[in-house]
Structure formats: structure tokens, C-alpha cells
Amino acid sequence: MTMLQRLEYAVARAFLALFRALGPAAASNLAGAIGHRLGPMIPTSRVAEANLVAAMPGLDRAERRQVIGAVWDNLARNAGEFPHLAGLRETSVGPGFEIVGAEHGRTLAARGGPAVLLTAHCGNWEILPVALRSLGLRFGFFYRAAANPAVDQLIIDLRAAAMGEPVPMFAKGAAGARGAYAHLARGGMLCMLTDQKLNDGIEVPFFGMTAMTAPALAVFARKFRCPILPVHVERIGAARLRVVIEPAVHAQASEDKAADIAETSLWMNQTIERWVRAQPGQWLWLHRRWPKRVAEL
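As numbered in the numbering used here, the sequence shown has no gaps in its residue numbers, which increase by one up to the final residue, 306.
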């Protein structure tokens, strides 16, 4: 490792140690307070502002500022809660999570794989492996590897600790896609966050604007004729989360492969848009989801 990477790793370990010592609710509250105050001053907030102007034009400036503050609050809380994932369980009050639509998860667990799970960067999405495991579901995940290998391994280890077992992780890219395909072919289940900016993919409407969208979920679901389970997370308090599971659906499967993939991808974006409109302050508005459209504003 370079000296900079060693420093990054040391800072990451110190951060985790500090917030682990605070306890889940206190860690969430402290991180949220820091994020809410400092986040809106970070230049990336201008991306969120432009996104909101384009995607939700009905919001006035004060409402957009409120959403951006909530975005940073939620994102920082996610970081503060990260070292506590292994200790969070399904509870009725306090730190932990509740599940709405658990019957849909149990039905899929009884059926078995292959299957794909559609989710997005809503609430604290990191709780999904723990929550789904409580229903008998074990998913592999696509993920974006951290640039620092030591920090990346630290994150992977924390996720495995939360699950109590190694989690199949597939780094984004060609090799990861091949690994994910093989995982599904073996009857595995795969969780996919499909709401981030993409430079390639296919053009699909999202909030009424064309957005380059990864077609992998639609391709996999069509290829394996497997169910798609829509799941997202809502934050309802400090280290307090609600996992919402909707009924499974199946991808379009006709003789026209391109049309099938386009239709399933449109449904996917419409589903995520519905979640975001319901809780706009809990979605990650900080990336350039519509780079061409936003650049015109």
C-alpha cells in the first residue's frame, strides 16, 4: 500500500472504532448531525440541487434545501450505523428494523433460486442482507469496490460479520457480471442496486427524463425466467429502519428480446421513482443520474 492508502485505512479504522463505541442510536445521531450541517456545504450538493430542479420541478428552493439536508443526514447516519449492522435485529422499537411484506420474502425463500432482488440507494440499504437473512433469503450482491484495497476488505469483512457468514460479492465490471451469471445459474439469488449513473446501458425514462440504465437485471431475469423481488428501505429513526418487500414479479419474455428488456427496465425505473417520490430525502441525489439533461439547466 502507498502511504496515502495506509493513512486512509487508519482513518477508516479509527472512524469505525469511534462510532462502534457510541452504540447504534448515538452513533446514528452524531453522524446525522455532522452530515446535516456540513453536507450541504460540499460542492457535490450542487449536483443534488440540479437533479431536484430537473426531476421534481414542483419543489421550491427551500424545499430543495430541506431535501438535500435530509440526504446528507441519512447518508451520514448510514456511515455511523455501519459498524453496528451485525447487532441490529428485527424489533418493535429502538435500534433495529421492522419488515413490511415479510410474507413475500418467505414465499421466495420457500421457492428457492434463481431470483433477482431489485433495490435502490434508499434509507440504509446496508441492512438488507441482515433483514433478508432473517426470512431465509441469502443474496449475492454487486458492489463498487473501494479504490483502497485495505478499506475495501474492511467493508467486506463488516458485511460478512453482519451476516454471520461470507457474502457472495461481485465487483462491478465484466468479471463481476460473469460471476453473478454463474451464481444465478447455480440457483443463487442476486441483489442489484440499479439506480446510479451509468455511462452506457440503455436509454430508459426516469422521472420523465431519459437516463442511461443498466439492463443487467432485466437480462438476468429474462434469461433465467426467475422472479424479481422489489425491496427498499425506509429510515424511521436513529438506527431504526423499515424494510418494505413488495410482491415478486416476472420479467417480460417474448420473442422480442430487446423489447422485453426495455419493458422490464422501464418497470424497474418506475418502481424506483415511486419509492423516491414517497421519501425524496432518503435517496442518493448526489450523483449525476441525468448528466445530459442536468447540464442543459
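Built from N, CA and C at the ideal position, the CB exists for glycine as well.
- By the Cβ neighbour-count rule, Met201 is buried, with 16 or more other Cβ atoms within 10 Å of its own.
- Checking the DSSP bridge columns, you'll see Tyr18 has no partner listed.
- In chain order, Pro123 and Ala124 place their CB closer than 6 Å to the CB of Cys235, counting only its own chain and leaving out the 5 sequence neighbours on each side.
- Residue burial annotation: Asn87 is buried, with at least 16 other C-beta atoms found within 10 angstroms of its C-beta.
- One thing to note: Val285 has its Cβ no nearer than 8 Å to the Cβ of Ile136.
- Cβ neighbours of Arg231 within its own chain (closer than 8 Å, five residues either side excluded): Ala260, Gln261, Ala262, Lys266, Asp269, Ile270 and Thr273.
- Leu68 carries a coil assignment under DSSP once its states are collapsed to helix, strand and coil.
- Around the beta carbon of Met277, a 10 Å sphere encloses 16 or more other beta carbons of the protein chains shown; the residue is thus reported as buried.
- Your pair Ala223 and Gly210 checks out as a contact, with CB atoms roughly 5 Å apart and the cut at 8 Å.
- With a minimum length of 4 residues, the unbroken runs of alpha helix (DSSP H) contained wholly in the segment 116-159 fall at 137-142.
- Between the segment 111-118 and the segment 88-96 there are fewer than three inter-stretch CB-CB distances shorter than 8 Å, so the stretches are not counted as touching.
- The Cβ atoms of Val76 and Leu68 sit closer than 8 Å to each other.
- Under the DSSP definition of a beta bridge, His296 lacks any partner.
- Below 8 Å, enough C-beta pairs join the segment 159-166 and the segment 13-20 to call them touching: three or more.
- Here the C-alpha atom of Gly182 lies approximately 11 Å from the C-alpha atom of Ala225.
- When secondary structure is reduced to three states using DSSP, Gly185 falls in the helix class.
- Annotated three-state conformation of Ala220 is strand, per DSSP.
- Closest in C-alpha terms to Gly196, from the list Thr219, Arg120 and Asn60, comes Arg120.
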